[in-house]
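2 protein chains.
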Amino acid sequence: MSNDQNLAPRTRVAAATLHDVARTAGVSLATASRALNGSDRKVKEEYRLRVVAAAEELGYTANLSAQAVAKGSTMTVALLVSDIGDPYFSSIASGVIRGAEAAGLVVTIAVTDRDSERELKIVRALRGGRPRVIILAGSRFADEAARGALVAELQSFEAMGGRVVLISQGELPFPTVQLDNRSGARDLAEQLVEQGYRRFGIVGASQTLLTAKDRLDGFLEGLAAHNISVDPDHIVDAPLTRDGGYTGTATLLEHAGSDLDLVFAVTDVMAIGAMSAIRAAGFIPGEQIGVAGFDDIPAAEDSSPALTTVAVPLLDLGQRAIALALEPDDSPQAEAIVATSVVLRGSTPPR
Amino acid sequence: MSNDQNLAPRTRVAAATLHDVARTAGVSLATASRALNGSDRKVKEEYRLRVVAAAEELGYTANLSAQAVAKGSTMTVALLVSDIGDPYFSSIASGVIRGAEAAGLVVTIAVTDRDSERELKIVRALRGGRPRVIILAGSRFADEAARGALVAELQSFEAMGGRVVLISQGELPFPTVQLDNRSGARDLAEQLVEQGYRRFGIVGASQTLLTAKDRLDGFLEGLAAHNISVDPDHIVDAPLTRDGGYTGTATLLEHAGSDLDLVFAVTDVMAIGAMSAIRAAGFIPGEQIGVAGFDDIPAAEDSSPALTTVAVPLLDLGQRAIALALEPDDSPQAEAIVATSVVLRGSTPPR
DNA sequence: CTGTTAGCGCTTTCAA
DNA sequence: TTGAAAGCGCTAACAG
Chain C
2 MSNDQNLAPR TRVAAATLHD VARTAGVSLA TASRALNGSD RKVKEEYRLR
52 VVAAAEELGY TANLSAQAVA KGSTMTVALL VSDIGDPYFS SIASGVIRGA
102 EAAGLVVTIA VTDRDSEREL KIVRALRGGR PRVIILAGSR FADEAARGAL
152 VAELQSFEAM GGRVVLISQG ELPFPTVQLD NRSGARDLAE QLVEQGYRRF
202 GIVGASQTLL TAKDRLDGFL EGLAAHNISV DPDHIVDAPL TRDGGYTGTA
252 TLLEHAGSDL DLVFAVTDVM AIGAMSAIRA AGFIPGEQIG VAGFDDIPAA
302 EDSSPALTTV AVPLLDLGQR AIALALEPDD SPQAEAIVAT SVVLRGSTPP
352 R
Chain F
2 MSNDQNLAPR TRVAAATLHD VARTAGVSLA TASRALNGSD RKVKEEYRLR
52 VVAAAEELGY TANLSAQAVA KGSTMTVALL VSDIGDPYFS SIASGVIRGA
102 EAAGLVVTIA VTDRDSEREL KIVRALRGGR PRVIILAGSR FADEAARGAL
152 VAELQSFEAM GGRVVLISQG ELPFPTVQLD NRSGARDLAE QLVEQGYRRF
202 GIVGASQTLL TAKDRLDGFL EGLAAHNISV DPDHIVDAPL TRDGGYTGTA
252 TLLEHAGSDL DLVFAVTDVM AIGAMSAIRA AGFIPGEQIG VAGFDDIPAA
302 EDSSPALTTV AVPLLDLGQR AIALALEPDD SPQAEAIVAT SVVLRGSTPP
352 R
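Just so you know, the sequences run in chain order C and F. Going by our numbering, the first sequence wraps up at 352, each residue one higher than the last. Going by our numbering, the second sequence wraps up at 352, each residue one higher than the last.
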């Protein structure tokens, strides 16, 4: 066996430390620190330049972990989403990242897989990183106990000085970027009625997710305003995923057959699944059965027929969340409300 | 002014430290550390239990930053993507996160906005966090200089002991999860010819992105095998985004008019934009002009007509990447090749 | 404005 | 095995 096959450069070069920089600049550690990372400038220009030059020369980059332990706080925001592959969440993440970067914060993402137990576990694990902020999007609770445990965990995080921000979540004692789910759905329903639709099926009547519940309630409310009610059999529960939309709609179609003239899915992702299910059942979405969703994800516009939906400024949601998180500590129970607006497209032509 | 309006609990409770745990357990700091986080177990069971109990009681969670500075290494992997809202990247991210969590690693995500300058800046900034791994997906280089700068930066990161893994990137001296872009595109082309297509237009002939170039070359290769060539005017450059696909196709259609029987977009996201452009131009995608993409993002199956494409195991890509990163240090220049496979769907019916 | 000197919370020798 | 003590890289009083 030869040792000569050291093709790859195995030389481990330790990163330059602030100490190195100070030494080559001929100043003290403290001065170097002040020149490079200190908040208020009070270093003689000449020194500052020497330090900066030395840092440049040595390729110095401050060790964020070390800074964190010294300062007692990090520059991290932890984002928790159900599924980063879902356009709804990835759009939100996009906004969060944009906002965070603008504020010099780093974003860490964890995925709950829509599992409330897992969510709790992750939140607990997150604490180790001592993030400045934890943002929860799309969290859920199997039951009251789960809800209590999560709230307790988050509150203890707050007690440690961290900030918690929720996105589109109600009834939880934390600053929240609230979505106008209910009235958005109500408007949608009313406009659909105006378009001539009368016999509705609804997919995604989740019990555990307030967002879904609000959208359902709002929709029913809007219909009720026109004296239209929906047969309880035509309201089906289903996971808020593409597959949930597909199977939920398939079920609906089995029961309701051609008794429906429109399917409302509580999210666009589901609505897209719904369209496929409608096709699979031999109907033409839009023409024979209208389809409407909620969120206005990018894919909604490109679907065929283009999807009628309620537009939600997803990017904004994320940016608002970090804005809320960065607000001064003394505005208790802050809340940002984000408006929604109905977008009628080809999937719900007048009838 | 009254002080009584302290409604919100402003009490800042410092997080329990290992020191606290050791004290309430009645053992030394070292023992507590060993019991809780030490690698090799060599703590008397009785002590271990006392420590664990104390930790539980105090709600102790190790401060990761402190661990990082003490150990000299973090548990972080930094993922760089062009756009987390793009299904291609969010699927990859999903895989990376899954893989990382399984290995006890935390994922940090940064977005380059497809800007090579920004990308370099981010990589530089990332160093501060001293991640264990940096994963680059979809990076690009404006020119040779930019490429050199990025490589240098990454190599110096490696020299510091970090690992670099690239996803679907060629010609760079780092471990890479390589995609079989070329032969995937070749197969696609051949199968389309078999379907009866002859007059092709291609959208997304990026110069700066190897992935796009490989797909283009492979596609042309496949056509050439059947003695079919593509008019250079029918090959248009365009950003690898939905809008790029739309405008690129619009341009193509203007020039080539009804001279085409199929549009190949080098990514599904573009292909979806292409479909909309085809519709906007008054053609029926699938029927009058076939459409094919590449990646098989989830939306491909649900588009209407369903999109013919080359399936790429996006989730795997991400998982493989972290697998590569976690491999022992002494396998130089590791590479994982991921196979692709053609999926014919409704957007390219036989003609 | 600068340098000295404690820490921050944790790991890891090194003796005991 | 355990504990004392010396760091890890950086910040923040605290005197000069």
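Note that CB positions come from ideal geometry on N, CA and C, so glycine has one too.
Measure from the C-beta of residue i to each C-beta in chain F and report whether the shortest distance is under 7 Å.
i: D317 (chain C); result: no
i: I290 (chain C); result: no
i: L137 (chain C); result: no
i: D296 (chain C); result: no
i: A335 (chain C); result: no
i: G202 (chain C); result: no
i: T109 (chain C); result: yes
i: S305 (chain C); result: yes
i: S207 (chain C); result: no
i: V343 (chain C); result: no
i: R164 (chain C); result: no
Between residue i and chain C, is any beta-carbon pair separated by less than 7 Å?
i: T62 (chain F); result: yes
i: R13 (chain F); result: yes
i: I93 (chain F); result: no
i: L151 (chain F); result: no
i: L65 (chain F); result: yes
i: D218 (chain F); result: no
i: M161 (chain F); result: yes
Look at residue i and residue j and say whether their C-beta atoms are less than 7 Å apart.
i: G287 (chain F); j: R243 (chain F); result: no
i: T212 (chain C); j: S169 (chain C); result: yes
i: S95 (chain C); j: L316 (chain C); result: yes
i: I136 (chain F); j: L80 (chain F); result: yes
i: D331 (chain C); j: A301 (chain C); result: no
i: P314 (chain F); j: S348 (chain F); result: no
i: T209 (chain F); j: R141 (chain F); result: yes
i: G205 (chain C); j: V264 (chain C); result: no
i: T310 (chain C); j: V344 (chain C); result: yes
i: A16 (chain F); j: M76 (chain C); result: no
i: G245 (chain C); j: A251 (chain C); result: no
i: A257 (chain C); j: G202 (chain C); result: yes
i: A143 (chain C); j: S117 (chain C); result: yes
i: S342 (chain C); j: A312 (chain C); result: yes
i: L19 (chain F); j: A36 (chain F); result: no
i: E328 (chain C); j: A322 (chain C); result: no
i: Y198 (chain F); j: D262 (chain F); result: yes
i: V152 (chain C); j: I110 (chain F); result: no
i: L155 (chain C); j: V165 (chain C); result: yes
Please report the distance separating the alpha-carbon of residue i from that of residue j.
i: S92 (chain C); j: I298 (chain F); result: 16 Å
i: A337 (chain F); j: V178 (chain F); result: 5 Å
i: D232 (chain C); j: L308 (chain C); result: 24 Å
i: P350 (chain F); j: E191 (chain F); result: 14 Å
i: H227 (chain C); j: D188 (chain C); result: 12 Å
i: D234 (chain C); j: I85 (chain F); result: 39 Å
i: Y61 (chain C); j: A101 (chain F); result: 28 Å
i: V22 (chain C); j: G129 (chain F); result: 15 Å
i: T25 (chain C); j: A55 (chain C); result: 6 Å
i: A150 (chain F); j: N182 (chain F); result: 26 Å
i: V97 (chain C); j: V78 (chain C); result: 9 Å
i: L325 (chain F); j: Y48 (chain F); result: 39 Å
i: D218 (chain F); j: F284 (chain F); result: 27 Å
i: R200 (chain C); j: L221 (chain C); result: 12 Å
i: S277 (chain F); j: G73 (chain C); result: 52 Å
i: L254 (chain F); j: I290 (chain C); result: 32 Å
i: Q68 (chain F); j: F158 (chain F); result: 20 Å
i: R148 (chain C); j: L121 (chain C); result: 9 Å
i: F175 (chain C); j: V70 (chain C); result: 27 Å
i: A126 (chain C); j: R115 (chain C); result: 17 Å
i: S207 (chain F); j: F90 (chain F); result: 18 Å
i: A63 (chain F); j: L106 (chain F); result: 15 Å
Worksheet entry | Residue ranges of each beta strand (DSSP E) within the stretch 92 to 116 of chain F, 3 or longer | 107 to 112
- Query: When Cβ atoms are compared, which residues of the stretch 224 to 241 of chain C fall closer than 7 Å to chain F?
  - Reply: none
Unbroken stretches of the beta strand (DSSP E), 3 residues or longer, contained in the stretch 14 to 83 of chain C: 77 to 82
Interfacial residues, the stretch 259 to 273 of chain C to chain F, with Cβ spacing under 8 Å
I273
Residue ranges of each alpha helix (DSSP H) run of no fewer than 4 residues wholly in the stretch 249 to 337 of chain C, ordered along the chain?
269 to 281, 299 to 303 and 315 to 327
- Query: Which runs of the beta strand (DSSP E) spanning at least 3 residues fall entirely within the stretch 118 to 195 of chain C, listed in chain order?
  - Reply: 134 to 138, 164 to 168 and 177 to 180
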